[in-house]
Amino acid sequence: MDSTTPPGLSLVSVCSLLACSLQVLAAAMLTHRFGGQSSVTDRWILLWLFYDVIVHLTLEGPFVYMSLVGTVQTSEGPLAELCEYYGKADSRWLVSDSTIVSIEILTVVVCSLIGIFLIYAVLTQKFYRHYLQVVLCVCELYGGWMTFCPDWLEGSPHLDTAHWLYLWVYLVFFNGLWVLIPLLLLVQSWFSLKRLHSDATGIDKYK
1 MDSTTPPGLS
11 LVSVCSLLAC
21 SLQVLAAAML
31 THRFGGQSSV
41 TDRWILLWLF
51 YDVIVHLTLE
61 GPFVYMSLVG
71 TVQTSEGPLA
81 ELCEYYGKAD
91 SRWLVSDSTI
101 VSIEILTVVV
111 CSLIGIFLIY
121 AVLTQKFYRH
131 YLQVVLCVCE
141 LYGGWMTFCP
151 DWLEGSPHLD
161 TAHWLYLWVY
171 LVFFNGLWVL
181 IPLLLLVQSW
191 FSLKRLHSDA
201 TGIDKYK
C-alpha cells in the first residue's frame, strides 16, 4: 500500500491486530496456568508482565535482529511485514535508527530479564518483588520517553499522525499501554511498600 494512501483495515493491519490478540491470549493462558494461587490484583499484574515479556521477545526482538543485520525495509517475512507496517506510523523503525535500536536492545535484553524475574518474584512472594517492579516500570517509562521525546523536539518529522489507524491505534493506544500500566504499578508498589513499612515499624497506617 502506498504510504500516501489513507490506511484502512488492510490484510497486514488485520494480521498485526490478530497477532496482538494472540499475544494477549498467550499471556492469559500463562497467567491461568501459573497464577491461580495469586490474589486478584497479582493475577492482573501477572497478565501484564507475561504480555510485556511476550511482546519484547516476539516483536521487538526480531526488530532488533533485523536492524542489526540490515533494516526492516530490506528484510523479508511476516515479522518484517508487521514491523514495516508499524514503520508507516514511525518511519524510524524502517531504517535502523540508532536511537530506536539502542533503546530496543535494552528493552529486549534488560526489560525481558527483569520481567521474567519479576514474574517469579510475584508467584513466589519474594522480598525483592517491589524493587524489581519499580525498576521495570522506570525502565519502561524512560524507554518510552527517549523513543518519542527526541522526535517531538524536532517537530515529529518521523511520526505519521494524519490517519486514525496510525495515530490512535499504533502510536497512542499501544504505546500508551506502556505508560499507563507502569504508572499504575508504581502506585501499587508505593502503597505496598508503605504498608510493609508500617507493619515493620508498628506505625499506625492511618496516621
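The UniProt record's numbering puts the first residue of the sequence shown at 1, with every later residue one more than the last.
No residue lacks a Cβ here, since even glycine has one placed at the ideal position from N, Cα and C.
What is the C-beta distance between Leu47 and Ala27, in whole angstroms, given that I count them as a contact (C-beta under 8 Å)?
Along the sequence shown, one-based indexing puts residue 47 at 47. Along the sequence shown, one-based indexing puts residue 27 at 27. Their Cβ separation, rounded to whole angstroms, is 5 Å, which keeps Leu47 and Ala27 in contact under 8 Å.
By the 10 Å Cβ neighbour count, where 16 or more other Cβ atoms means buried, how is Val64 classified, buried or exposed?
Residue mapping note: residue 64 aligns to position 64 of the sequence shown, counting from 1. Buried, by the Cβ-count rule.
Quick one, which of Gln37, Trp152, Met146 and Gly61 has its alpha-carbon nearest Leu123's?
The count along the sequence shown starts at 1 and reaches residue 123 at position 123. The shortest C-alpha separation from Leu123 is found at Gln37.
Take Val53 as the anchor and find which of Phe174, Ala121 and Val110 has the nearest alpha-carbon.
Numbered from 1 along the sequence shown, position 53 holds the residue referred to as residue 53. Of the listed residues, the one whose Cα sits closest to Val53 is Val110.
Counting Cβ pairs, one atom from each stretch, are 3 or more of them under 8 Å apart for the region 73-88 and the region 135-143?
no
Tell me, which residues are paired with Asp90 by DSSP?
Counted from its first residue, the sequence shown places residue 90 at position 90. In DSSP, Asp90 forms a bridge with Leu159.
Just verifying my parser: in three-state terms, what is the DSSP assignment at Asp97?
Numbered from 1 along the sequence shown, position 97 holds the residue referred to as residue 97. If DSSP states are grouped into helix, strand and coil, Asp97 belongs with coil.
In the DSSP assignment, find the alpha helix (DSSP H) that holds His130 and state where it starts and stops.
Looking up residue 130 in the sequence shown gives position 130. Judged by DSSP secondary structure, His130 falls within the alpha helix (DSSP H) whose first and last residues are Arg129 to Leu153.
Have a look at Ser189 and Gln125 and give me their C-alpha separation to the nearest angstrom.
Reading the sequence shown from its first residue, position 189 is the one you call residue 189. Reading the sequence shown from its first residue, position 125 is the one you call residue 125. Going by the C-alpha atoms only, they are around 13 Å apart.
Among residues of its own chain, excluding the 5 on either side of residue 272, which ones have a beta-carbon nearer than 6 Å to its beta-carbon?
Nothing can be reported for residue 272, as the shown portion of the chain is limited to 1 through 207.
If you draw a straight line from the alpha carbon of Thr5 to that of Ser96, how long is it in whole angstroms?
Locating residue 5 in the sequence shown gives position 5, where the first residue counts as 1. Locating residue 96 in the sequence shown gives position 96, where the first residue counts as 1. Residue confidence for Thr5 is low, a pLDDT of 45 falling below 50, so the modelled location carries little weight; the figure read from the coordinates is stated next. When rounded, the distance between both Cα atoms is 24 Å.
Return the CA-CA distance between Asn175 and Ser16, expressed in angstroms with no decimal places.
For the purposes of this step, residue 175 is taken as residue 175 along the sequence shown, with counting starting at 1. For the purposes of this step, residue 16 is taken as residue 16 along the sequence shown, with counting starting at 1. Cα to Cα, the separation comes out at about 15 Å.
With DSSP as the reference, label Gly35 as helix, strand or coil.
Within the sequence shown, the letter at position 35 stands for residue 35. It is coil, neither helix nor strand.
Can the beta-carbon of Val24 be found closer than 8 Å to that of Ser67?
Looking up residue 24 in the sequence shown gives position 24. Looking up residue 67 in the sequence shown gives position 67. The answer is no: Cβ separation not under 8 Å.
Leaving out five residues before and five after Val14 in sequence, what residues of the same chain have Cβ atoms less than 7 Å from its Cβ?
For this step, residue 14 is matched to residue 14 along the sequence shown. There are no such residues.
Does the distance from the C-beta atom of His163 to that of Ser91 stay below 8 Å?
The residue given as residue 163 occupies position 163 in the sequence shown. The residue given as residue 91 occupies position 91 in the sequence shown. No, the Cβ-Cβ distance between His163 and Ser91 is not below 8 Å.
Closest to Leu165 by C-alpha separation, out of Gly115, Ala89 and Leu184, would be which residue?
Position 165 of the sequence shown holds residue 165. The candidate whose alpha carbon is nearest that of Leu165 is Ala89.
Using C-beta distances below 7 Å, list every residue in its chain close to Leu94, excluding the 5 sequence neighbours before and after it, in chain order.
Within the sequence shown, numbered from 1, the residue matching residue 94 stands at position 94. Cβ neighbours of Leu94 beyond the five flanking positions: Thr71, Val72, Gln73, Glu84 and Gly87.
Let me check understanding here. Comparing Cα to Cα, which of Trp178, Val169 and Val55 lies closest to Thr147?
Working through the sequence shown from its first residue, we reach residue 147 at position 147. Comparing Cα-Cα distances from Thr147 to each of Trp178, Val169 and Val55, the minimum goes to Trp178.
So is Leu18 buried or exposed if we call it buried at 16+ other beta carbons inside 10 Å?
If you number the sequence shown from 1, residue 18 lands on position 18. By the neighbour-count rule (16 or more Cβ atoms within 10 Å), Leu18 is not buried but exposed.
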